[in-house]
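**Q**
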Amino acid sequence: MQALRARVRNGRLVLDEPTNLPEGAEVELMPADDMDDEERAELNRSLDEGIEQARAGNTIDGPAFFASLRANR
98 MQALRARVRN GRLVLDEPTN LPEGAEVELM PADDMDDEER AELNRSLDEG
148 IEQARAGNTI DGPAFFASLR ANR
């Protein structure tokens, strides 16, 4: 998945393009101008790594992941 672009309209974020995210999916957003070049490059490397891991099938179920975090408190 690549980054999605959105604009603020009437206080709401509106995607400028279609997405294949499932209904109800939660995403974390950060204004692009809050990152410097090094932070943006680090984010892009991390996203690329995550995408490659997902393509390789190296994923876990979200609810199972959060349950394991809660169990390790």
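Sequential numbering of the sequence shown, starting at 98, is according to this note's numbering.
Every residue gets a Cβ at the ideal spot worked out from N, C-alpha and C, and that includes glycine.
Here the structure is a predicted model, which is why all the values come from computation and not from measurement.
Grouping DSSP H, G and I as helix and E and B as strand, with all else coil, what is R106?
**A** strand
**Q** Where does L144 fall in DSSP's three states?
**A** helix
**Q** Can you tell me the Cα-Cα spacing of R102 and R170, whole angstroms?
**A** Taking the straight line joining both Cα atoms gives about 36 Å.
**Q** Could you compute how far the alpha carbon of G159 sits from the alpha carbon of R109?
**A** 26 Å
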